[in-house]
Amino acid sequence: MLLQVTNVGKSYSGWNIIRGIDFALEEGGRALLLGPSGSGKSTLLNIICGLQSPDTGEVEVDGVPIGSANRAVNGDAVRKTNFGIIFQTLRLVSALSIRANLELAQRLQTGSVDKSVVEDALSRLGIAHRANARPFELSQGEAQRAAIARALVVKPRLLIADEPTSALDHSNTENVAGMLEEVADSMGAALLVATHDDRLRQRFARTMQLRDGELLPC
């Protein structure tokens with residue numbers, strides 16, 4: 003199993019953000035994590051990515067725990083070699099061109115830059131003509147494509163997207179959702195999307211409902 007989440011919980015100041023979270027995702031699988039704002043989606047993704055530690059439970063990649071009370075393995079190393087992450091706030095570096103943003107992400111995660119992979123990602127997402135632009139010069143749709151392209155340059159086994167359509171109209175929502183599916187398929191990567199956008203439900207055979215910090219049966 004590529005990803006296994008077991009009894010994961012997290013609280014702040016006595017308030018349970020998430021609790022008792024259990025699910026698994028196989029190599030090349032797809033899942034939608036659906037829930038309203040404040041339901042704990044981003045916290046759960048941060049724990050899966052090794053950016054936060056759970057208070058209870060653990061996350062395993064290929065059977066190796068990356069997030070647990072004991073932090074058995076450096077989550078940073080596992081994240082760099084397995085995950086491509088599209089953050090809700092995109093986190094593009096405003097002082098750099100889009101091409102430079104992709105090169106920076108690749109260098110930080112792999113230790114080197116493969117320009118052919120960067121150019122392929124720009125072309126695949128249809129933003130090669132905007133490669134020299136900076137993030138603030140892009141439309142919302144273009145910026146979202148740039149964030150997806152940045153996640154691709156590390157050739158991830160698992161593509162994780164946090165609210166990828168939150169600021170987009172219906173047309174751009176369909177475009178971005180289609181792109182995520184297409185690039186995951188083309189790379190053989192698993193896809194995990196967290197969103198409050200019910201429009202995406204129809205695109206996923208598997209939907210997990212998160213409400214008040216708990217996964218509900220769908």
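Residue numbering for the sequence shown follows this note's numbering, starting at 3 and increasing by one per position.
Every residue, glycine too, gets a C-beta built ideally from N, C-alpha and C.
Endpoints, the alpha helix (DSSP H) within which residue 173 is located:
Segment 172 to 189, the alpha helix (DSSP H) holding residue 173.
May I ask you to verify whether the region 100 to 109 touches the region 180 to 197, counting CB pairs closer than 8 Å and requiring at least 3?
Inter-segment contact for the region 100 to 109 and the region 180 to 197 is absent: fewer than three beta-carbon pairs are separated by less than 8 Å.
Apart from the five residues on each side of it in sequence, which residues of its chain come closer than 7 Å, Cβ to Cβ, to residue 19?
The answer, listed in chain order, is 12, 13, 42, 45 and 215.
Quick one: what does DSSP say residue 91 is sitting in, helix, strand or coil?
Here residue 91 sits in coil by DSSP.
Beta-carbon proximity of residue 36 to residue 164, cut-off 9 Å
In this structure, residue 164 does not lie closer than 9 Å to residue 36 by Cβ.
Go ahead and label residue 28 buried or exposed: buried means 16 or more other beta carbons lie within 10 angstroms of its beta carbon, across all protein chains shown.
Burial call: exposed.
Through-space distance from residue 197 to residue 217, alpha-carbon basis
Approximately 14 Å between the Cα atoms of the pair.
State the Cα-Cα distance for the pair residue 134 and residue 142, rounded to the nearest angstrom.
Their backbone Cα atoms lie some 16 Å apart in a straight line.
Please determine if the region 146 to 154 and the region 112 to 129 are in contact, where contact requires at least 3 C-beta pairs separated by less than 8 Å.
Result yes; three or more Cβ-Cβ pairs closer than 8 Å.
What is the DSSP secondary structure of residue 13, counted as helix, strand or coil?
Annotated three-state conformation of residue 13 is strand, per DSSP.
Alpha carbon to alpha carbon, what distance is there between residue 34 and residue 204?
Roughly 10 Å between the two C-alpha positions.
Curious, which full-length alpha helix (DSSP H) runs of at least 4 residues does the region 91 to 123 contain?
List check, alpha helix (DSSP H) in window: 100 to 112.
Going by beta-carbon coordinates alone, are residue 32 and residue 179 separated by less than 9 Å?
Taking a C-beta distance under 9 Å as the contact criterion, residue 32 and residue 179 do not qualify as a contact pair.
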